[in-house]
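In what follows, a single structure is set out as structure tokens and then discussed.
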Amino acid sequence: MTLETLVVVRHGQYDYGLTKIGRGQIQNLAEQLSRLVAGKRIAIVSSSELRARETAQIIREMLGVDSIEEDSILYSSCLSTVDLDELVLLVDKKTESHEVLVLSAHLEVVEFLPQEYCKRKGLPIPILRRPPQKGSARVINVLTGAQELLVGKLN
Numbered sequence: 056m057t058l059e060t061l062v063v064v065r066h067g068q069y070d071y072g073l074t075k076i077g078r079g080q081i082q083n084l085a086e087q088l089s090r091l092v093a094g095k096r097i098a099i100v101s102s103s104e105l106r107a108r109e110t111a112q113i114i115r116e117m118l119g120v121d122s123i124e125e126d127s128i129l130y131s132s133c134l135s136t137v138d139l140d141e142l143v144l145l146v147d148k149k150t151e152s153h154e155v156l157v158l159s160a161h162l163e164v165v166e167f168l169p170q171e172y173c174k175r176k177g178l179p180i181p182i183l184r185r186p187p188q189k190g191s192a193r194v195i196n197v198l199t200g201a202q203e204l205l206v207g208k209l210n
């Protein structure tokens, strides 16, 4: 089994934890993800921050994943080269046992990890036209470098 898809999710709107709007964003996002990753072996890793953990929990329930791992490296307000090394290593650790890796994180990780991962793997580097909004996810096919941006919308 080889990792096929990397999903980097930015938590939903929050106050301390997710707001009602934030929960709605993530529920919609999780529905979109469930259509993309149905039938795949999925791992979810979350930042230790409450808003990211709540985001991961909603996604876990929608995707039917048994558990969520936490890793504090997914919360960083100022990414350094060392942090990026650790983030790429975190993804690499999951490549043998999962087809899909979902990371529930924050703006900096969602913004920079996909480019760095693709660059290091020799894949086309996905370009963002603007920073990802709360309740969105970057979905990267790690075999081809193709990228899709999903946005959790409210009904």
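My numbering runs 55 ahead of the 1-based position in the sequence shown.
For every residue, glycine included, the Cβ atom is placed at its ideal position computed from N, Cα and C.
Query: Going by beta carbon distance, what residues of the same chain come within less than 6 angstroms of residue 100, once the five residues before and after it are set aside?; Result: 124, 126 and 158
Query: Determine the DSSP secondary structure at residue 85, reduced to helix, strand or coil.; Result: helix
Query: For residue 170, collect the residues of the same chain with a Cβ closer than 7 angstroms to its Cβ; drop the 5 residues on either side in sequence, then sort them by chain order.; Result: 180 and 181
Query: For my contact list, residue 166 and residue 139 are in at a C-beta cut-off of 8 angstroms; report their separation, rounded to the angstrom.; Result: Not quite, the Cβ-Cβ distance comes to about 12 angstroms (not below 8 angstroms), so this is no contact.
Query: So, at 8 angstroms on beta carbons, what are the nonlocal neighbours of residue 60 in its own chain, with the 5 sequence-adjacent residues on each side left out?; Result: 91, 92, 95, 154, 155, 156, 194, 195, 196 and 197
Query: Give the DSSP-derived three-state secondary structure of residue 192 in the structure shown.; Result: strand
Query: Find out if the Cβ-Cβ distance for the pair residue 76, residue 113 is shorter than 8 angstroms.; Result: no
Query: Can you list, in chain order, the stretches of the beta strand (DSSP E) that have 3 or more residues and sit fully within the region 148–184?; Result: 155–160
Query: Would you mind reading off the limits of the alpha helix (DSSP H) that contains residue 98?; Result: No alpha helix (DSSP H) contains residue 98, which is instead part of the beta strand (DSSP E) from 97–101.
Query: Which residue comes first and which comes last in the alpha helix (DSSP H) that contains residue 61?; Result: Looking at the DSSP string, residue 61 is not in any alpha helix (DSSP H); the run it does join, the beta strand (DSSP E), is 60–65.
Query: Closest by CA to residue 85, which one among 122, 144 and 192?; Result: 192
Query: Beta-carbon separation of residue 65 and residue 190 under 8 angstroms?; Result: yes
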